[in-house]
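The block underneath contains the structure these notes are about, expressed in structure tokens.
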Amino acid sequence: MLQKLEVMLYVRNVDLIARFFEDALGATLIKETEMIDTSTEIKLSVLDQVNINLYDVEFIREYSPMVSLEMPSLMFLTNDIREVHDRIEMFANTISEISTQGDQLVFNFSDPEDHHFAVGTIEQDI
Numbered sequence: 001m002l003q004k005l006e007v008m009l010y011v012r013n014v015d016l017i018a019r020f021f022e023d024a025l026g027a028t029l030i031k032e033t034e035m036i037d038t039s040t041e042i043k044l045s046v047l048d049q050v051n052i053n054l055y056d057v058e059f060i061r062e063y064s065p066m067v068s069l070e071m072p073s074l075m076f077l078t079n080d081i082r083e084v085h086d087r088i089e090m091f092a093n094t095i096s097e098i099s100t101q102g103d104q105l106v107f108n109f110s111d112p113e114d115h116h117f118a119v120g121t122i123e124q125d126i
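Position 75, counted from 1, in the sequence shown is what the UniProt record's numbering calls 75; the numbers after and before it change by one each time, with no gaps.
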């Protein structure tokens, strides 16, 4: 039975993006691992059952050339979208206004490397 999800993200500056996830999303550091090329992998907990593993994109190009380097579309869900928006706004490169899409409130933001993410409400919060 599956119990946990780990998402691997490939970025140019692992430390910068890790700090962003810690500051903007409240992620907590689980561990740092030095890779064989001396780059660093940083594992962060973003939700109880979800971790994000950050890798240097050049490490992936060199050692796993068959892996897609595209950033996945991630949408975080919350019951307090306004509070989350206010917190992320302090750290995001760009952030949209909260808008209504169907029966859900949503907004988008980007990290310091311009990777885009979304946040939406778990329950109708309109």
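Every residue, glycine too, gets a C-beta built ideally from N, C-alpha and C.
Source: prediction; values computed, not measured.
Proximity of residue i and residue j at Cβ, strictly below 9 angstroms
i           : j    : result
V57         : V11  : yes
residue 127 : F117 : Coverage of the chain is limited to positions 1 through 126, which leaves residue 127 absent and any answer about it impossible.
K31         : I42  : yes
P112        : V7   : no
S99         : F109 : no
L9          : Y63  : no
For residue i, the first and last residue of its enclosing alpha helix (DSSP H)
i   : result
V57 : V57 to Y63
I17 : V14 to L25
V7  : Not the alpha helix (DSSP H): V7 falls in the beta strand (DSSP E), residues L5 to V11.
V84 : I81 to E89
For residue i, the first and last residue of its enclosing beta strand (DSSP E)
i    : result
A118 : H116 to T121
I30  : T28 to E34
M75  : M75 to T78
I42  : T40 to L47
Buried versus exposed, by CB contacts within 10 Å (16 or more), residue i
i    : result
V67  : exposed
T121 : buried
L2   : exposed
Quiz item: Are the segment 20-29 and the segment 45-53 touching by the rule of at least three beta carbon pairs closer than 8 angstroms?
Solution: Yes, the segment 20-29 is in contact with the segment 45-53.
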